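Asker: Dumping the structure here so I can ask a few things about it.
Numbering (the working numbering), first residue to last: 5 to 168.
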């Protein structure tokens, strides 16, 4: 579910005099995923300042160009705040991401092909499980994977996975 959907359900519960404790917990856990991912990345690169970090996937799910409330935005914002140099790819969402999030887009290098991200970044964050990301060679890379791409887990030099 999109965060907006969870928020809408929370409001419906409250309007009907109910406490949406589980939904509130779901919303909090979802928001914390960005920081869990960054913490996993920092196991391998404690200081992100000046480091080149790749982000694969900008849309909230594969098959759409919708970037509203995508976790990729939160991840990229934190990476930039930490001083990282971000290079990102998405097969269909780059232009909408730029238009929706100009605050971070001006600090992101966008790659036309995902292979470019793997070529220039020392660590990779997988934010959307586009099918073409399953075909990439992650050899020698640090990968923090929010979508559990099997090939990344098998071929990365260092791999940490979480799910959102």
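We treat Cβ as the ideally placed atom computed from N, Cα and C, and that holds for glycine.
Bear in mind the structure is a predicted one, so any value in this text is a computation, not a measurement.
Along the beta strand (DSSP E) that carries residue 112, what are the first and last residues, could you check?
Answerer: Residue 112 -> beta strand (DSSP E) spans 112-114.
Asker: Can you list the beta strand (DSSP E) stretches of 3 or more residues lying completely in the segment 63-108, in chain order?
Answerer: You should have 89-93.
Asker: Three-state secondary structure (DSSP) at residue 119?
Answerer: Note: residue 119 maps to helix in three-state DSSP.
Asker: With a Cβ-Cβ cutoff of 7 angstroms, do residue 3 and residue 55 count as a contact?
Answerer: The first residue shown for the chain is 5 and the last is 168, placing residue 3 beyond what the model contains.
Asker: With residue 166 and residue 52 assumed to form a contact (beta carbons below 8 angstroms), what rounded beta-carbon distance in angstroms separates them?
Answerer: Not a contact, Cβ separation roughly 18 angstroms.
Asker: So for residue 18, helix, strand or coil by DSSP?
Answerer: In this structure, residue 18 counts as helix in the three-state DSSP scheme.
Asker: Look up residue 56 in the DSSP assignment and give the residues it is bridged to.
Answerer: DSSP, once it has assigned bridges, lists 89 as partnering residue 56.
Asker: When DSSP builds the beta bridges, which residues end up paired with residue 163?
Answerer: Answer is 147.
Asker: Short of 8 angstroms in beta carbon distance, which residues of its chain neighbour residue 91, apart from the five on each side in sequence? Order them along the chain.
Answerer: Taken in chain order, the residues that qualify are 56, 57, 58, 59, 112, 113, 114, 115, 120, 121, 124 and 125.
Asker: Give me the Cβ distance between residue 131 and residue 84, rounded to the nearest whole Å; I'm assuming they're in contact under 8 angstroms.
Answerer: Contact flag wrong, Cβ pair sits at about 15 angstroms.
Asker: Since I believe residue 100 is in contact with residue 133 (beta carbons under 8 angstroms), could you give me their beta-carbon distance rounded to a whole number of angstroms?
Answerer: About 18 angstroms; that fails the 8 angstroms criterion.
Asker: Looking only at C-alpha atoms, which of 23, 15, 156 and 13 sits nearest to residue 147?
Answerer: For the residues 23, 15, 156 and 13, the minimum Cα distance to residue 147 belongs to 156.
Asker: Whose C-beta lies closer than 7 angstroms to the C-beta of residue 151 among residues of the same chain, with five residues either side of it excluded?
Answerer: Closer than 7 angstroms at Cβ, skipping near neighbours: 130, 132 and 133.
Asker: In terms of alpha-carbon separation, which member of 20, 17, 161 and 39 lies closest to residue 86?
Answerer: The residue with the shortest Cα to Cα distance from residue 86 is 39.
Asker: Measure the Cβ-Cβ separation of residue 93 and residue 118 and say whether it is below 7 angstroms.
Answerer: In this structure, residue 118 lies closer than 7 angstroms to residue 93 by Cβ.
Asker: Check for me: the beta strand (DSSP E) holding residue 131 runs from which residue to which?
Answerer: Looking at the DSSP string, residue 131 is not in any beta strand (DSSP E), and its letter there is neither H nor E.
Asker: Can you tell me whether residue 127 is buried or exposed, with buried defined as 16 or more other CB within 10 angstroms of its CB?
Answerer: Residue 127 comes out buried.
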